[in-house]
Amino acid sequence: CGRVRGVPSRACHPKGGPGLRRPPPVRHLGGRARAGSSSCRRSRARDRERQHRAAMEAALRLWAAVQRELTPARVTAALLLLELAGTLVIVAKVPFTMIDHKAYMQEVEGFINGERDYYKLGGDTGPLVYPAAFVYIFSGLYYATDRGENIERGQLIFVGVYLVVQLLVFRLYARSGSVPTYLWVLLCLSKRVHSIFVLRLFNDCVAVLLGYAALLLFTHGRWHAGCALYSVSVGVKMNMLLWAPGVLLVLLAANGWWG
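With this note's numbering as the guide, the letters of the sequence shown map in order to residues 1478 to 1736.
1. Could you tell me the boundaries of the alpha helix (DSSP H) in which Met1582 lies?
2. Only counting the same chain, and skipping five residues up and downstream in sequence, which positions put a Cβ closer than 7 angstroms to that of Ser1667?
3. CB Leu1693 to CB Leu1645, shorter than 8 angstroms?
4. Rounded to the nearest angstrom, how far is the Cβ of Val1636 from that of Val1568, given a contact under 8 angstroms?
5. With respect to the alpha helix (DSSP H) encompassing Arg1630, which residues constitute its N-terminal and C-terminal limits?
6. To the nearest angstrom, how far is the alpha carbon of Leu1506 from that of Ser1520?
7. May I ask you to verify whether the segment 1573-1581 touches the segment 1593-1604, counting CB pairs closer than 8 angstroms and requiring at least 3?
8. Compute the distance between the beta-carbons of Ser1616 and Ile1634, then report whether it is under 8 angstroms.
9. Residues in the same chain with beta-carbon distance under 6 angstroms from Ala1580, minus the five sequence neighbours each way, listed in chain order, please.
10. Using only the alpha-carbon positions, how far apart do Met1717 and Phe1679 sit?
11. Is the separation between the beta-carbon of Val1713 and that of Ala1684 shorter than 8 angstroms?
12. May I ask you to list the residues that DSSP assigns as paired with Pro1604?
13. In whole angstroms, what separates the C-alpha of Ala1542 from that of Ser1653?
14. With a 10 Å radius around its C-beta and 16 neighbouring C-beta atoms as the bar for buried, classify Cys1682 as buried or exposed.
15. Sorted by chain position, which residues of the same chain lie with C-beta nearer than 6 angstroms to Arg1612's C-beta, five sequence neighbours on each side aside?
16. Does the beta-carbon distance from Val1662 to Leu1539 come in below 8 angstroms?
17. If Leu1686 sits next to Val1656, beta carbons under 8 angstroms apart, how far is it from one beta carbon to the other, in whole angstroms?
18. Let me know if Gln1528 comes out buried or exposed under the rule of 16 or more other beta-carbons within 10 Å of its beta-carbon.
19. For Gly1733, which of Trp1700, Met1715 and Pro1549 has the nearest alpha-carbon?
20. Got a sec, what are the start and stop residues for the alpha helix (DSSP H) Cys1682 sits in?
21. So what's Gly1733 in DSSP terms, helix, strand or just coil?
22. My guess is that Met1459 and Pro1608 are in contact by the Cβ rule of under 8 angstroms, so how many angstroms apart are they, rounded?
23. Do you know how far the Cα of Val1711 is from the Cα of Ala1554?
24. Distance check for Arg1523 and His1671, CA to CA, integer angstroms please.
25. Can you tell me where the alpha helix (DSSP H) holding Ser1672 begins and where it ends?
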């Protein structure tokens, strides 16, 4: 047996005599190290998950608080103020587009001058094709705008029409409860709608105002008043007849055939 000087080897003492102890295998230390690092990784992953969950819960609580503050009344007031400012800027900065306004004024001028034959009423774009409610309402606009010459005053009147239309639509959304208030801002972003109302003064604007007012009356169960307003809207422009199937369905669903 080999010996270390002064110390007997363990191999020379099979019965367990004194000798040198072998160090533990390195593999045991490596296994414990790997187990420790894996445990640390799991712990860090759990910490990150808890932090992520806490952040999500805080964000949800904040969003719920914001939604509680975005009441229909507050959102309506804020958006109407923004719309008022925006449309006034459009009127001041963007040139008016003379498409049908002049023809409207020519058509109602014949009526104001005493002509009652529809075939003889017309303007530069041709004969009058709109029903009588258009003639009556735009006769008022004729007088309010100095025979149609004061375009700026007409634009300001239609700014008011636009704001009333927006108010009616906001009320309809609020009563339906199907559209979150934070989405209402999308109603204010249409370039074309602003152009139709304040840069062209189309009669569609008056027609849809009356149509939305009729729908709001329907939601309150005011069926007769709603039908009367809807009839006037058709009298302004016949394309409001496109609403007729839906209006009929609502009337039948709410009142039956003989209600």
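Cβ atoms here follow ideal geometry from the backbone N, Cα and C, with glycine treated the same way.
Inspection of the coordinates gives the following:
1. His1578 to Ile1589
2. none
3. Contact flag set, yes.
4. 7 angstroms
5. Ile1628 to Ser1653
6. Here the model assigns Leu1506 a pLDDT of 48, short of 50, so the residue's position is not dependable, and the following value carries that caveat. The straight-line gap from Cα to Cα measures roughly 21 angstroms.
7. yes
8. no
9. Excluding sequence neighbours, Ala1580 sits near Gly1600, Asp1601 and Thr1602.
10. 14 angstroms
11. yes
12. Gly1599, per the DSSP bridge assignment.
13. Cα to Cα, Ala1542 sits roughly 22 angstroms from Ser1653.
14. Its Cβ being crowded by 16 or more others within 10 Å, Cys1682 is buried.
15. Looking at the sequence shown, residue 1612 is not Arg but Val. These residues qualify, in order along the chain: Val1585 and Phe1588.
16. no
17. Between Val1656 and Leu1686 the Cβ distance is about 20 angstroms, and since that is not below 8 angstroms, they are no contact.
18. exposed
19. Trp1700
20. Asp1681 to Thr1696
21. coil
22. Not covered by the structure: residue 1459. The range shown for the chain is 1478 to 1736.
23. 30 angstroms
24. Taking the straight line joining both Cα atoms gives about 53 angstroms.
25. Where Ser1672 is concerned, there is no enclosing alpha helix (DSSP H), given that its DSSP letter is neither H nor E.
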